[in-house]
Each structure stands twice: as structure tokens, then as C-alpha cells.
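Presented below is the structure to which this report refers.
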Amino acid sequence: MAYVANLFGQTVSVLNTSSNTVVATIPVGYGPFDVAVHPNGSKVYVSNDGDSIINIIDAVSNTAIGSINIGSSSLCLTISPDGTKLYVAKYTDNEIDVINTSNNSIIASIPVGAVPYGISLTPDGTRLLVTNSGDNTVSIINTITNTVINTIPVGNTPQGIGKFISTFPTINTTLSETPANNFEAFVYPNPSDGEFNLKFPEENIEYFITNILGQEVIRSNSNLKTTAKIQLVEKGMYILHMLTSKGLRIEKIVIK
């Protein structure tokens with residue numbers, strides 16, 4: 168079986184990989200983002216970008232059997248090789264939660280870099296690698312002590328690691344060709360509850376905003392002045408693209 172998190176559907180689809188058919192659709196939380204299957208195949212854990220819970224699915228009956236309240240939104244998650252620990256990336260809190268799967272309690276919260284996104288365990292489970300898309304680093308965690316033992320600078324906006332997709336293709340390509348390094352733009356507050364103020368050093372800046380799937384959600388008009396106000400409703404992370412006289416400028420914005 169394969170489990171698919173349907174971000175805007177509030178469901179998880181269960182695929183029979185032998186027949187290539189959907190055999191079940193399971194209601195979960197708001198904005199399901201990632202799934203992790205217990206090594207023994209008995210349970211499936213689902214992170215939710217839009218709320219503060221991790222859903223637990225019984226893989227035999229394909230029903231939601233419980234949830235874990237982690238206090239804020241989450242993106243990627245992974246489970247230890249022995250199935251005793253679940254690791255959850257909480258991007259609004261800049262930390263990784265460690266959950267004891269026997270009683271579903273949080274046993275550690277590990278501070279990492281800004282906006283942790285992708286996470287992956289080494290095969291022996293002793294090291295957890297975390298991409299921090301907000302400060303362009305990877306944190307390496309010792310899972311025995313639950314501490315960060317190294318931080319590695321990487322490229323712009325790292326997201327996936329190991330089994331995950333890495334970056335937004337359109338953003339990565341444009342940044343390498345037309346960076347606007349000297350363009351001073353201000354987005355505040357960020358993160359916010361949904362309302363952002365924009366301030367530009369020049370007029371007639373065009374901008375558009377995409378969600379984490381690359382889908383456009385807002386586009387500016389052509390007569391934009393040096394200030395603007397934008398409002399978004401759905402919680403999560405978005406990408407602000409600003410087309411300037413010096414090229415393209417990219418900023419991450421987060422609704423908490």
C-alpha cells in the first residue's frame with residue numbers, strides 16, 4: 168500500500184500498488200502534508216500544515232484512530248527504524264519534536280535553524296538531518312542525546328532531504344540567472360497571522376505569491392506603489408516573488 172496526503176482535501180488516499188487503485192480515503196486534519204509508516208506496517212502518521220495535530224491511522228482498517236497535539240503546524244516527519252520515536256518538523260517554532268510512539272507523548276523538542284522543512288534519518292537511526300529553509304542550513308542531530316551536533320551551510324531555500332523533493336524548480340532556476348541581491352525589500356511582520364506589509368525602494372514592482380506546491384494564489388496589479396498590503400487566509404508557508412528592475416527577489420512568508 169501507498170499513502171498519499173491530499174493537502175487541500177483534508178484526506179489521505181490509500182493506494183493499492185498492485186492494482187493501482189484507490190482503496191480508501193481517510194479524513195484527517197487540516198492541510199495534511201506528509202506521512203510516515205511504522206516499520207511494522209501497523210500505523211500511519213500524518214502531519215498537518217494547517218493545524219497542530221498529528222493524525223494516527225490504523226493501517227489494517229484504514230481508519231483514523233487518534234491524534235497527537237503538538238501545539239503548532241508541522242511539515243515533514245519520519246520514524247525511527249525501530250518504530251519507537253516519531254520526529255516532526257515544526258516550521259513555525261523552529262524545532263523538531265520527538266514523540267514516543269508507545270504513549271504518543273512529546274519527549275523532546277530540539278531547537279534547529281529557521282523554518283525546518285525536510286527531515287531524514289540515517290539507516291542506523293543515530294543521526295537526524297534537517298533542512299532549514301529559512302536560513303539555508305542543514306542541522307545534524309544526535310538522536311541519542313537529542314542535540315544538534317553540527318550545522319552545515321547549503322544552497323538557497325533547502326527543503327527536501329533523502330526521500331523528499333528538494334526545491335521549487337522555478338525558484339531555483341530564476342535565482343541562478345537573475346538574482347536581485349541589491350534590492351532592498353521589506354516584508355513585515357513575518358511570520359504573521361495572515362496580514363503582511365510590503366515596502367519597496369521603487370515603484371511599479373510586480374509580485375505574485377505561490378503556495379508550497381507552486382500554485383499561484385495572489386498577483387499584484389501593474390500600478391503598484393512603494394508600499395502594499397497583502398492578506399492570506401490559509402495557514403502555512405508561501406513564496407513571495409518580486410519582479411524588479413534588478414531581477415527577481417524571493418522571500419518566504421509564513422502564516423502561523
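Just so you know, the sequence shown maps onto residues 168 to 423 in my numbering. The C-beta atom is built at its ideal place from N, Cα and C for all residues, glycine as well. The model shown is predicted, which means the values in this text are computed figures rather than measured ones.
What do you reckon, are the CB atoms on residue i and residue j nearer than 8 Å?
i	j	result
V195	N215	yes
T251	S269	yes
S424	I221	Because the chain in this structure spans residues 168 to 423, residue 424 falls outside the shown range and cannot be described.
S306	G280	yes
T310	R294	yes
E362	T393	no
I328	S287	yes
Less than 8 Å between the CB atoms is what I'm expecting for residue i and residue j, so what's the real figure, rounded?
i	j	result
N357	P325	That belief does not hold up - the Cβ atoms of N357 and P325 are roughly 19 Å apart, past 8 Å.
G217	G238	14 Å between Cβ atoms; not a contact.
G301	K423	Not really, about 13 Å apart at Cβ, beyond 8 Å.
L253	I274	Actually they do not touch by this definition, with Cβ atoms about 10 Å apart.
I372	I385	Actually they do not touch by this definition, with Cβ atoms about 14 Å apart.
S272	T259	So it is not a contact: roughly 21 Å between Cβ atoms.
Mark residue i as exposed unless 16 or more other C-beta atoms lie within 10 angstroms of its C-beta, in which case mark it buried.
i	result
N236	exposed
T298	buried
I232	exposed
P283	buried
V400	exposed
K366	exposed
T340	For T340, the predicted model reports a pLDDT of 28, less than 50, meaning its position is unreliable; a value from the coordinates is still stated below. Burial call: exposed.
Of the choices the options, whose alpha-carbon is the least far from that of residue i?
i	options	result
L242	I263, I308, N229 and N313	I263
P248	D291, I221 and A256	D291
L410	S209, A169 and I376	I376
V211	V265, S180, V400 and V282	S180
V189	G322, A169 and V213	A169
T184	V171, F175, Q177 and V279	V171
I224	A191, Y254, S240 and T318	A191
S228	I193, D260 and V354	I193
S412	L399, A231, P368 and Y405	P368
P278	T318, T245 and I246	T318
N207	S219, V213 and I246	I246
L415	Y374, T178 and S359	Y374
F200	K402, H408 and L407	K402
H408	V400, F353 and S359	F353
E383	V321, M404 and S186	M404
I316	G327, L296 and I328	L296
V421	Y355, G322 and S387	Y355
T178	S387, N378, A256 and V213	V213
V255	S219, T312 and I417	S219
H205	S186, A226 and N187	A226
A395	I406, K257 and N364	N364
When DSSP builds the beta bridges, which residues end up paired with residue i?
i	result
T318	S306
I420	Y405
G301	G301 is not bridged to any residue.
Y355	N364
I223	Y212 and G233
I286	V297
Quick check: is any heavy atom of the ligand SAM less than 7 Å from the C-beta of residue i?
i	result
S306	With respect to the ligand SAM, the structure offers nothing, as it holds no ligand at all.
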